[in-house]
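Sequential numbering from 243 applies to the sequence shown in this note's numbering. Beta carbons are placed, not taken as given, at the ideal position from N, Cα and C, and that holds for glycine. Since this is a predicted model, take the numbers as computed values, not measurements.
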Amino acid sequence: PYSLAKRMLHIQSLAYWKQYQFPVIITIPGNIYGPYDNFDLENAHVIPALVRKFVEGAEAQSQVTVWGSGNPSRDFVYAGDVAEGILKAAEIYQQPELVNMSSGTETSIRKVVDTLVDITNFKGKLVWDTSRPDGQSRRCFDTSKAKKDLGWESKTDLHEGLALTVEWYRNNRKNARNSIS
């Protein structure tokens, strides 16, 4: 359903173009993360949930439990890079287009965890709960169209983006969406 909804956005954009010459640009981001994300452990995406767990775990030097094996990979992209790409797409495209906006790089959940251990200076116990689902094994985006048409590619590497996200969460957690309502 999630993928079908994205596909239907493009179909609708073509209809708007055909009937009204209204140029709707559909940007498909990868796994976005960064400041102002949803850090609620019950429904956050993987990076904000892990950021919260490791920031709190580092402060308490307690145990952090990570779901799954850590083997699946995702195509993570920093929110600020996607925002830049969306603006560029809106400026350049003059007809309906569909374009992927992501890093174009697969990164394992295990690498994200290892990076967060380093950034947060976590020294507690790390537990992989393999009874929890891994989810889809791989996800990576072809970003060649964004590069060719827009001259856009994500510029924030994973370590830098995670460090910025950790810093933002530490400074804003009282106002962050991080508790169950």
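What do you get for residue i, buried or exposed, if any count of 16 or more other CB atoms within 10 angstroms of its CB means buried?
i    : result
L329 : exposed
V308 : buried
E339 : buried
Y275 : buried
R316 : buried
S423 : In this predicted model, S423 has a pLDDT of only 42, less than 50, meaning its place in the structure is not dependable; the value taken from the coordinates is given anyway. Result: exposed.
K332 : The amino acid occupying residue 332 in the given sequence is Ala; Lys does not appear at that position. When all chains shown are included, A332 counts as exposed.
T372 : exposed
L209 : No answer is possible for residue 209: the residues shown for the chain start at 243 and end at 423.
For residue i, I'd like the list of residues in its chain whose CB is within less than 7 Å of its CB, leaving aside the five on either flank, ordered along the chain.
i    : result
N342 : I270, F383, D384, T385, K387, A388
P290 : Y275, D279, N280, F281
S345 : G272, D317, F318, V319, S396
Y244 : none
Which residues bound the beta strand (DSSP E) around residue i?
i    : result
E339 : 339-343
L251 : First-last for L251: 244-262, but that is the alpha helix (DSSP H), not the beta strand (DSSP E).
N363 : Unbroken run through N363: none, as it is neither H nor E.
T269 : 267-271
Closest to residue i by C-alpha separation, out of the options, would be which residue?
i    : options                : result
N313 : A418, Q336, E348       : E348
G299 : L358, S379, D376, Y335 : L358
G322 : A291, E284, N273       : N273
I351 : Y258, Q337, D360, S379 : S379
R249 : I267, N285, N417       : I267
V324 : Q336, V288, E301, P277 : P277
V355 : S304, L392, L404, H252 : L404
V288 : K353, K260, I253, D399 : K353
F364 : P243, I253, A302, Y262 : A302
K390 : Y335, F264, W259, N285 : Y335
H401 : D360, L392, A418       : D360
Among the residues of its own chain, which have a CB less than 6 Å from the CB of residue i, if the five just before and after it don't count?
i    : result
V293 : T407, V408, Y411
R374 : W309, G310
Y258 : F264, V266
K295 : V306
Starting from the C-beta of residue i, find all residues in its chain whose C-beta is less than 8 Å away, skip the five residues before and the five after it, and write them out in chain order.
i    : result
V297 : T362, V408, Y411, R412, R415
G377 : G310, P314
Q305 : G299, G366, K367, L368, V369
G393 : K330
H252 : I268, P338, L340
Starting from residue i and walking both ways along the alpha helix (DSSP H), at which residues does that stretch end?
i    : result
Y411 : 400-414
- prompt: For the segment 301-351, which segments carrying the alpha helix (DSSP H) assignment without a break, of at least 4 residues, lie completely within its bounds, in sequence order?
  reply: Runs found: 321-334.
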